[in-house]
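Note sheet for the following structure.
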Amino acid sequence: MKMRLPNILATASLAAAVPTADSSSNKRQDKGLSFGACTDRLTEDTPLECASLNVPLDYTDDSSTDEIRIDIVRVPAAKSPSKGSVFVNFGGPGAPGIQDLGLFYPQLSALTGEQYDLVNVVPRGTNGTLPFSCYSSDEARAYGGYSISGNSSDVSLGYLWAKADLFAQNCAVVMNETGRYIGTAATVRDLFQVVDELEEDGMLRYYGTSYGTLLGSTAAAMFPDRIDKMVLDGVVNPMEYYANREIQLPLGIDGSWQGFLHGCVANPDACPLAALGDADKIATKLFAWLEQLKSHPIVVPDPTSPFGGILYDYSLVEAIIMGGFYFPPLFPQVSAQIYALYAGDEHDHSKLRALVKRFAPGAAQVGMDEPKADDEAWVANDHEALWGIKCSDVLQQNNFKEMLTVFEGRVRNSRFADVAHNTPARCAQWHMPAVERYEGHFQFKPNFPILMVGNTHDPVTPLESARNLSKTIDDSHLIHQDSYGHGLLVQVGMCAAKAVRAYFVDGDLPQEKEVKCAVEVELFDGKFGWEAVLPELTGKPANGTNTTVGARVLKL
């Protein structure tokens, strides 16, 4: 598959996958924006509408006339008339958000009272807007982009660091013309360009999850007087993010691991790993097995793949386990697949390929099956956007010795944290800082209090990050949902859902600065919580609502 070339100017033609509006369809004019039916087949069978807007390529250069085209997708409010727009961002960084909005709009509509249009501004670096790709093919990506865990051998950290250096240098060569224009600060300014074009009240209403909380908190810090209601769900610590020292990030992993183990033992019919004994015995046996995989990986030959097959080694299996922590409803499937590997089904190649396809990083999947469908290829095109955006945001470079303290601090917080050392290693050696990086603080008072949400056992945005940020932003409040997984969209309880809805509908805030909410679902029951929450909030049956979670695993 060929990668799309970056579109530097707004007049450049866009690839077919870009969700442009159909010029022949009926359009709804919103002041300066013209929304119409989307031409992208990824939006079929959804109520998504599409528009586009020309914005400055470089907001820091007043003398430049260069522009780019940003794409905008929205779902109109379920209730009429609309009270305005709530902007959404699904994280990554590097998630275009088009498929996500098509999947999660029923949940977001319910949380916002069905009274607002839901608007997703496709971020720079993704889809057709300055797409960030460091490789000319998926095969090159599989070979050059695949990383290892930091503790996978006695020399792995040095190898990981050197490979991160190679990655950063290659990206600098390939993306040198546009790689400095996709940082978070520029995307914040894009958001407000769209806010102004809508000509509603000039205020930003916003729901962000994961990296979307970093985008939201940065927007609020840059323009505190233009913030109306803002929910940050699964909060990234912005101070650590911009410093490239995310030691706090893994704090929720071990709690996720313990929940997985104890939930497994309590539900043996849904968890094949329960055959290994109690929670402690399962952990002991799996950790011993992981150590064994360092020197004896499981081999699945495939001459059509870039690597000649799949090696289930320490790094890959650790990544599969970590990926499962994001989605508690998928715990039964994760358990079944891990047990299949552990128990020795190494000759059932179809089952093992399915495991990689469902839970493992994308680079490990390339070439192992039939060619990707167009929609899967479209997602793959944004693969390096995570690093292109995040690394261009980082405020300083660091050498290997300086970063050792970060790696050691992360592993102290969880032994699984080494699976993601490649991201700080790449960002520490990045050569394309964004033309504008946010260098300010996060001690401010927004126009309207911000509401944050954090799960007790979130594997990548720990509750402590939400608590830290809520202490620095004046008048902010925190909903502590006593649950697992990454954000409300993955698993929700009635208490948190009603609190968020009351905030958007009536501006109501929890009575205390931090309130704790229970969930009605159990581990290993395969439920998301939305099956009951949606009918309660909307008065409509949840039948037909897609509550499944895609296989795309966010990288740390």
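Numbered by mature numbering (1 follows the signal peptide of the UniProt record, and there is no 0), the letters in the sequence shown go through residues -23 to -1, 1 to 533 in order. Every residue gets a Cβ at the ideal spot worked out from N, C-alpha and C, and that includes glycine.
Practice task
Kindly examine the ligand SAM and report whether one of its heavy atoms sits closer than 6 Å to the Cβ of E441.
Solution key: With respect to small molecules bound, the structure shown includes none, and the ligand SAM cannot be examined in it.
Exercise for the section: Determine the burial state of V371: buried for a count of at least 16 other Cβ atoms within 10 Å of its Cβ, exposed for fewer. Expected result: Here residue 371 refers to the residue found at position 394 when the sequence shown is read from its first residue. Counting Cβ neighbours within 10 Å, V371 comes out buried, since at least 16 surround it.
Handout entry: Span separating the alpha-carbon of V492 from that of H457
Key = Indexing the sequence shown from 1 puts residue 492 at position 515. Indexing the sequence shown from 1 puts residue 457 at position 480. Approximately 6 Å, taken between the alpha carbons.
Problem - Buried versus exposed call for R389 [16 or more other C-beta atoms within 10 Å across all chains shown] - result: Stepping through the sequence shown from its first residue, residue 389 is reached at position 412. When all chains shown are included, R389 counts as exposed.
Practice task
State whether the region 449 to 466 contacts the region 418 to 434, with contact taken as three or more CB pairs (one from each stretch) at a distance under 8 Å.
Solution key: yes
Practice task
Might you give, ordered along the chain, the residues of its own chain that have their beta carbon closer than 6 Å to the beta carbon of P274, omitting 5 neighbours on each side?
Solution key: Looking up residue 274 in the sequence shown gives position 297. Excluding sequence neighbours, P274 sits near L288, Y289, D290.
Exercise for the section: State buried or exposed for E295, treating a residue as buried only when at least 16 other CB atoms are found within 10 Å of its CB. Expected result: Here residue 295 refers to the residue found at position 318 of the sequence shown. When all chains shown are included, E295 counts as buried.
Practice task
Please state whether DSSP places T89 in a helix, a strand or coil.
Solution key: Locating residue 89 in the sequence shown gives position 112, where the first residue counts as 1. In this structure, T89 counts as coil in the three-state DSSP scheme.
Handout entry: Selection from P410, M429, F481 that minimises the alpha carbon distance to A220
Key = Here residue 220 corresponds to residue number 243 of the sequence shown, with the count starting at 1. Residue P410 is the option with its Cα nearest to A220.
Exercise for the section: Specify, as a first and last residue, the run of the beta strand (DSSP E) that N62 falls within. Expected result: Within the sequence shown, the letter at position 85 stands for residue 62. It should be noted that the sequence gives Ser, not Asn, for residue 62. Where S62 is concerned, the enclosing beta strand (DSSP E) stretches over 62 to 66.
Practice task
Could you check if S369 is buried or exposed, using at least 16 other CB atoms within 10 Å of its CB as the buried criterion?
Solution key: For the purposes of this step, residue 369 is identified with residue 392 of the sequence shown, where counting begins at 1. When all chains shown are included, S369 counts as buried.
Problem - Alpha carbon of Q84 to alpha carbon of G90, nearest angstrom - result: Residue 84 sits at position 107 when you count from the first residue of the sequence shown. Residue 90 sits at position 113 when you count from the first residue of the sequence shown. C-alpha separation (whole angstroms): 10 Å.
Practice task
Would you list the one or two residues that DSSP bridges to P33?
Solution key: Counting from one through the sequence shown, the residue named residue 33 turns up at place 56. BP columns for P33 point to E44.
Practice task
Rank W234, V477, S124, S312 by C-alpha distance to the C-alpha of N399 and give the top, closest one.
Solution key: On the sequence shown, residue 399 is found 422 positions in, with the first residue counted as 1. Closest option to N399, Cα to Cα, is S124.
Exercise for the section: Report the option in S233, L318, Q269 whose CA atom is closest to the CA atom of T438. Expected result: Along the sequence shown, read from residue 1 onward, the residue named residue 438 stands at position 461. For T438, the nearest C-alpha among the options comes from S233.
Handout entry: Separation of L307 from G484, as counted between CA atoms
Key = In the sequence shown, residue 484 corresponds to position 507, counting from 1. In the sequence shown, residue 307 corresponds to position 330, counting from 1. Between G484 and L307, the C-alpha separation is close to 34 Å.
Handout entry: Nearest-angstrom beta carbon gap, G68 and G189 [assumed within contact, 8 Å]
Key = Sequence index remark: in the sequence shown, residue 189 carries index 212 (1-based). Sequence index remark: in the sequence shown, residue 68 carries index 91 (1-based). With a Cβ gap of about 5 Å, G189 and G68 count as contacting.
Handout entry: Cβ shell of I230 (< 6 Å), same chain only, five flanking positions each side left out
Key = Residue mapping note: residue 230 aligns to position 253 of the sequence shown, counting from 1. Same-chain partners within the cutoff: S391, F393, P436.
Problem - Reference S282, options A252, Y120, P518, G386, closest by Cα - result: For the purposes of this step, residue 282 is taken as the residue at position 305 of the sequence shown. Nearest option by C-alpha distance: Y120.
Exercise for the section: Would you tell me roughly how many angstroms separate the C-alpha atoms of G61 and D115, rounded to the nearest one? Expected result: By 1-based counting over the sequence shown, the position of residue 61 is 84. By 1-based counting over the sequence shown, the position of residue 115 is 138. Rounded to whole angstroms, G61 to D115 spans 41 Å at the Cα level.
Handout entry: Rounded straight-line distance, which links the Cα of G365 to that of R444
Key = As a working note, residue 444 is residue 467 in the sequence shown. As a working note, residue 365 is residue 388 in the sequence shown. Cα-Cα distance, rounded: 28 Å.
Problem - Secondary structure of E361, DSSP reduced to three states - result: What you label residue 361 is simply residue 384 of the sequence shown in a count that begins at 1. In the structure shown, E361 sits in coil (DSSP, three-state: anything other than H, G, I, E or B).
Problem - Reduced DSSP category for I297 - H, G, I as helix; E, B as strand; rest coil - result: Taking the first residue of the sequence shown as 1, we reach residue 297 at position 320. I297 falls in the helix class under three-state DSSP.
Problem - T42 vs E413 beta-carbon contact at 7 Å - result: Looking up residue 42 in the sequence shown gives position 65. Looking up residue 413 in the sequence shown gives position 436. No. Outside cutoff.
Exercise for the section: Give the DSSP bridge partners of E491, in chain order. Expected result: Looking up residue 491 in the sequence shown gives position 514. Note: E491 sits in a beta bridge opposite L455.
Exercise for the section: Using only alpha-carbon positions, find the residue among Y316, G462, V467, C472 that is nearest to L455. Expected result: If you number the sequence shown from 1, residue 455 lands on position 478. Of the candidates Y316, G462, V467, C472, the one whose C-alpha sits nearest the C-alpha of L455 is C472.
Exercise for the section: List the residues that DSSP assigns as beta-bridge partners of D94. Expected result: Within the sequence shown, numbered from 1, the residue matching residue 94 stands at position 117. Partner(s): S62.
Handout entry: Under 7 Å between C-beta atoms of M429 and S447
Key = In the sequence shown, residue 429 corresponds to position 452, counting from 1. In the sequence shown, residue 447 corresponds to position 470, counting from 1. For M429 and S447, yes; Cβs fall inside 7 Å.
Exercise for the section: Have a look at A28 and G74 and give me their C-alpha separation to the nearest angstrom. Expected result: Working through the sequence shown from its first residue, we reach residue 28 at position 51. Working through the sequence shown from its first residue, we reach residue 74 at position 97. Roughly 14 Å between the two C-alpha positions.
Exercise for the section: Measuring alpha carbon to alpha carbon, tell me which of D35, R51, F284, P249 ends up nearest E44. Expected result: Position 67 of the sequence shown, counted from the start, is the residue given in the question as residue 44. Among D35, R51, F284, P249, the Cα nearest to that of E44 is on D35.
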